[in-house]
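S.K.:
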Amino acid sequence: MSERHWAPDERGWTQILGSICVDPCTSVAQEKALRLFAAFFFLLLPLSAAENDALCAACHASEAAHHRATPMAQALERVESCGILAAHPNLTFQDGPYRYAVVRRERATILTVTGNSEKLELPLLWAFGRGQAGQTYVFEFEGALYESRVSFYNATGALDLTIGATARKPQSITEAAGRRMDWLGARDCFACHSHNGVSDGKLHLESVAPGVGCGSCHGDVEKHAEAVRAGDATGAKLPHLAALSAEETADLCGRCHRTWSQIALSGPRGIPNVRFQPYRLLNSKCYDASDLRIRCTACHDPHGSLETNLAAYDRKCTACHAAAQHGKLCPVAKANCAGCHMPKIELPGAHARFTDHQIRIVRAGDPYPN
Amino acid sequence: MRCSPRNSFAAAVRLAPILLAFAAAAQQPPPVEELLRHAIELHQKGDIAAAIPEYRAYLKRVPGNAMARSNLGAALAGAGQYEEAIVEYNKALEAQPGNASVRLNLSLAYYKAAKISEAAAELERITAGEPANRRAVLLLADCDLRLGENKKVIEILTPLERQSPDDKALIYMLGTALIRDHQADRGQVLIDRILRDGDSAEARLLMGATKLSVQDYAGALADFKRAVELNPSLPDLYSYYGMALAATGDTPNAETAFRKELETNPNDYTSNLQLGILLTQEDQHTEARERFEHALAVRPGDASARYQLAALDLQDGRTEIARTELEKLTHEIPQFVEAHVSLATAYYREKRKQDGDKERAIVLRLNAEKQAAEPGAQAR
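So the sequences go chain by chain: R and S. Here the first sequence is numbered in this note's numbering, starting from 1 and rising by one per residue. Here the second sequence is numbered in this note's numbering, starting from 371 and rising by one per residue.
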């Protein structure tokens, strides 16, 4: 059996650092290597979204405090501080000839893949997703970032194949370990799950702050804070997001939750697009690009946690569908509108059900629209 | 070896002013002709910067001398002032419309100025009168290849290929057109003929292009890599290499490849367009716009370049400009899904809900039609 270890022993790090240095973006790669080195050898505490947003909390304490508790603020964690991996220190999974083990060793977590007389050990670096549905891991191998082929699923409390991985049969142990992320894909993943990591259209791993931060939606908050400190009201202006139309809000949220245009152009088609709420919402018959009562933030507080009580959404529906405005009202029920008109749909492979945001009259046996 | 016919044409054009110069010098120069003689002398010595004002001074006094005007055109083209050269060549042709040498020079100036369709139009006039003018025919085929007129290239080159079955440059161009026209079987015959002489960059490029067309990206990459080792200056090679790299997600190296192609082949439509798309993704809108505009200059009216510019306008907040162009595009090409998608966005931004809804409905219909036409749709 041939073995390739990428654990942080002397030989492994030399190889990793060596491979990173051939990256065309040498300075970034070197910084990246140093950060990796520091993270594993000195166990530096990571900066969280909350700490990065402390700047905003000085004036906007309530919004910041609420936001810290949201899944968005925890959309990315460094593996050494990942709660799910700490709570599940020994995970295993078998897929055909490949056996997977995700094992916690102090604060590091190692993904070991064995199969076809080969073995690969890889320290996981990043945990994507808070674990409401699942959590996927990212590691670095030979200078590139990889998305792990196995993910943790909250519903089962176990590993399973990452969504999308089921369609691909690995041709090597490297492919069994994960999917090589292309440059743009990696940038876009970090752009949505973290902040401060993307500037000038490029990913800078060394400055990534995990989780969606204030600046992810509000723009240049540091400049704003500086201007406030200097008493410069003009320089302190940030976009007034509360004034955005339904369309503009969908485009803003769609930067990460995917816009209607993105899905319309590139898919996916069918049930897999149930995850992309702006696209689904905009396909609703009742969607009106300029009606504020149907914008994302009419139902969801971007600074707060997700409301799970269906009845709480009823008054959002009756804001339009009230007797005074509609001659014909729902003949089936007077409450829990979303339960029927926004059904939860099982996404194959995700071990989770997603609320379909295409608001409609759902009839038994009707195919999934689109 | 640079296989393209462009180099041999360039040599021909360099000779053109010299031949004209001999013709002019053979006459006994009257006093005013001294200016012309001096201009020609400077031109022949390669002192183009000094020759241009001499030609201009002469032509001020003798504006009707077509040969002197053509020489001025050649000097201006030599100095890279293609637009001015085009003006002079056109004036020369007004006096001598049947002069094929001047027209060939004019077409080359158009070609260099990235006005490929104008170059092709001039070359078509030459080849209509002189079907055996091989240089003009090959350059016309090269222009048509750049314009994406693959069927025309095949039509032009197929008879020539029968006459010159060992002309590698011709075979390479014809093979490229066949592969782009999805006639891979005929293309393969030509690749095999090139391969008879051993491994070559041309054959590797054609093989890679064939693999790229069937989405065998790994295979295509291997062929392009080998072609680069064999002849990195082969026209279009880095353009194809860039596309294969982009298809495999290696966008930083794809960008490098497109830039390398443009260093030697600045009028390459694909590299300009693809590099623009990559730059847009990197939020480098200013340079992206330059690339798209250049691609549009190479292929005037090209829908892809126009769409990319409109999409860039939409991103940059120039909604009205974007909307106007997108309306034109969707009118011209009703099946253009991307244009309908962006047009819907433009309408919504302009608070034109009904128009936006209409565009979105078109997109959903087109997507459904596309899905229904996919293999296996009937079984589903």
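Backbone N, C-alpha and C fix where the C-beta goes; we use that ideal spot for every residue, glycine too.
Below 7 Å CB to CB, which residues in the same chain sit around Lys-521 (chain S) once its five sequence neighbours on both sides are set aside?
M.R.: Excluding residues within five positions, the ones whose Cβ falls inside 7 Å are Asp-551.
S.K.: With a threshold of 9 Å between beta-carbons, can Ala-364 (chain R) be considered close to chain S, or not?
M.R.: By this cut-off, Ala-364 (chain R) is not an interface position.
S.K.: Quick check: the Cα distance between Glu-500 (chain S) and Pro-467 (chain S), rounded to an integer number of angstroms?
M.R.: Straight-line Cα distance between these residues: approximately 14 Å.
S.K.: Going by the CB atoms, is the gap between Val-212 (chain R) and Met-72 (chain R) shorter than 9 Å?
M.R.: Going by C-beta atoms, Met-72 (chain R) is nearer than 9 Å to Val-212 (chain R).
S.K.: Whole angstroms are fine: how far does the CA of Leu-649 (chain S) sit from the CA of Thr-315 (chain R)?
M.R.: The residue asked about is misnamed: residue 315 (chain R) is Arg in this sequence, not Thr. For Arg-315 (chain R) and Leu-649 (chain S), the distance between alpha carbons rounds to 45 Å.
S.K.: Would you report the Cα separation of Asp-200 (chain R) and His-655 (chain S), rounded to the nearest angstrom?
M.R.: Distance between the alpha carbons of Asp-200 (chain R) and His-655 (chain S): 11 Å.
S.K.: Could you list the residues in the region 694-712 of chain S with a C-beta less than 8 Å from some C-beta on chain R, going in chain order?
M.R.: Those residues of the region 694-712 of chain S that come within reach of chain R (Cβ to Cβ, closer than 8 Å) are Val-707, Glu-708, Val-711 and Ser-712.
S.K.: To the nearest angstrom, report how far apart Ile-541 (chain S) and Asp-562 (chain S) are at their CA atoms.
M.R.: Distance between the alpha carbons of Ile-541 (chain S) and Asp-562 (chain S): 11 Å.
S.K.: Over what stretch of residues does the beta strand (DSSP E) that includes Ser-151 (chain R) continue unbroken?
M.R.: It spans 144-153 - the beta strand (DSSP E) in which Ser-151 (chain R) sits, taken as one unbroken run.
S.K.: With DSSP run on the structure shown, which of helix, strand or coil describes Lys-375 (chain R)?
M.R.: Outside the displayed span of chain R (1 to 370) sits residue 375 (chain R), for which this structure offers no information.
S.K.: For the region 675-734 of chain S, which segments carrying the beta strand (DSSP E) assignment without a break, of at least 3 residues, lie completely within its bounds, in sequence order?
M.R.: Listed in chain order, nothing qualifies, since the region 675-734 of chain S has no complete beta strand (DSSP E) run of 3 or more residues.
S.K.: Measure the alpha-carbon distance for Gly-589 (chain S) versus Gly-134 (chain R) and round it to whole angstroms.
M.R.: Going by the C-alpha atoms only, they are around 36 Å apart.
S.K.: Any beta carbon from chain S within less than 9 Å of Lys-202 (chain R)'s own beta carbon?
M.R.: It does; some Cβ of chain S falls within 9 Å.
S.K.: Using Cβ-Cβ distances below 8 Å, what residues of the region 134-153 of chain R are close to chain S?
M.R.: Answer set for the region 134-153 of chain R: empty.
S.K.: What residue from S:Ala-539, S:Asp-567 and S:Pro-670 has the CA that sits closest to Asp-606 (chain S)'s CA?
M.R.: Asp-606 (chain S) has its Cα closest to that of S:Ala-539, out of S:Ala-539, S:Asp-567 and S:Pro-670.
S.K.: Note down, in chain order, each residue of its chain lying with its Cβ closer than 6 Å to the Cβ of Arg-193 (chain R), except the 5 sequence neighbours on either side.
M.R.: Strictly speaking, residue 193 (chain R) in this sequence is His, with Arg absent from that position. Within the same chain, His-193 (chain R) has close Cβ partners Ala-75, Leu-76 and Phe-128.
S.K.: Curious, which full-length alpha helix (DSSP H) runs of at least 4 residues does the region 582-651 of chain S contain?
M.R.: Listed in chain order, they are 587-600, 607-617, 621-634 and 639-651.
S.K.: Suppose the cutoff is 8 Å on Cβ atoms and the five residues either side in sequence are ignored; what does the same chain contact list for Ser-534 (chain S) look like?
M.R.: So the list reads Leu-540, once near-sequence residues are dropped.
S.K.: Could you have a look at Thr-162 (chain R) and say whether DSSP puts it in helix, strand or coil?
M.R.: Coil.
S.K.: Can you say whether Ile-359 (chain R) is buried or exposed, counting buried as having 16 or more other CB atoms within 10 angstroms of its CB?
M.R.: Ile-359 (chain R) comes out buried.
S.K.: At a Cβ threshold of 9 Å, is Gly-687 (chain S) touching chain R?
M.R.: Gly-687 (chain S) does not count as touching chain R.
S.K.: For Glu-652 (chain S), which residues in chain R fall below 8 Å Cβ to Cβ?
M.R.: Those are Asp-200, Gly-201 and Lys-202, listed as they occur along chain R.
S.K.: Does the beta-carbon of Asn-90 (chain R) have 16 or more other beta-carbons within 10 angstroms, so that it is buried, or is it exposed?
M.R.: Looking at its Cβ environment, which holds fewer than 16 other Cβ atoms inside 10 Å, Asn-90 (chain R) is exposed.
S.K.: Mapping the DSSP letters down to three states, classify Gly-270 (chain R) as helix, strand or coil.
M.R.: Coil.
S.K.: Taking 8 Å as the cut-off, does the region 329-344 of chain R touch the region 243-250 of chain R (at least 3 CB pairs, one atom from each stretch)?
M.R.: At 8 Å Cβ cutoff, the stretches do not touch.
S.K.: Using a Cβ-Cβ cut-off of 6 Å (strictly less than) and excluding sequence neighbours within five positions of Pro-302 (chain R), which residues of its own chain qualify?
M.R.: So no residue of the chain qualifies.
S.K.: Within 9 Å (strictly less), CB to CB, does Pro-622 (chain S) reach chain R?
M.R.: Output row for Pro-622 (chain S): interface = yes.
S.K.: Among residues of its own chain, excluding the 5 on either side of Ala-393 (chain S), which ones have a beta-carbon nearer than 6 Å to its beta-carbon?
M.R.: A caution first: Ala-393 (chain S) carries a pLDDT of 49, below 50, which makes its placement in the model unreliable, though a value can still be read off. No residues qualify anywhere along the chain.
S.K.: Check Val-523 (chain S) in the structure and name its three-state DSSP category.
M.R.: Residue state, collapsed to three classes: helix.
S.K.: In whole angstroms, what separates the C-alpha of Asp-586 (chain S) from that of Gly-619 (chain S)?
M.R.: Spanning the two alpha carbons is a distance of roughly 14 Å.
S.K.: Rounded to whole angstroms, what's the CA-CA distance from Ala-409 (chain S) to Ala-420 (chain S)? Just pull it up for me.
M.R.: So the alpha carbons of these two residues sit roughly 8 Å apart.
S.K.: Going by DSSP, what residues sit across from Arg-179 (chain R) in a beta bridge?
M.R.: DSSP lists R:Glu-147 as partners of Arg-179 (chain R).
S.K.: Quick one: what's got a C-beta closer than 8 Å to Arg-669 (chain S)'s C-beta in the same chain, skipping five residues either side?
M.R.: Hits under 8 Å: Ile-486, Ser-487, Arg-516, Leu-517, Gly-518, Tyr-639 and Ala-675.
S.K.: What residue does the alpha helix (DSSP H) around Ala-250 (chain R) start on, and which one ends it?
M.R.: First-last of the alpha helix (DSSP H) with Ala-250 (chain R): 246-257.
S.K.: Closer than 7 Å, Cβ to Cβ, to anything on chain S: give me those residues from the region 164-189 of chain R, in chain order.
M.R.: Under the 7 Å Cβ criterion, the region 164-189 of chain R contributes Asp-182, Trp-183, Leu-184 and Gly-185.
S.K.: In the DSSP assignment, what residue or residues form a beta bridge with Val-198 (chain R)?
M.R.: Its beta-bridge partners are R:Leu-203.
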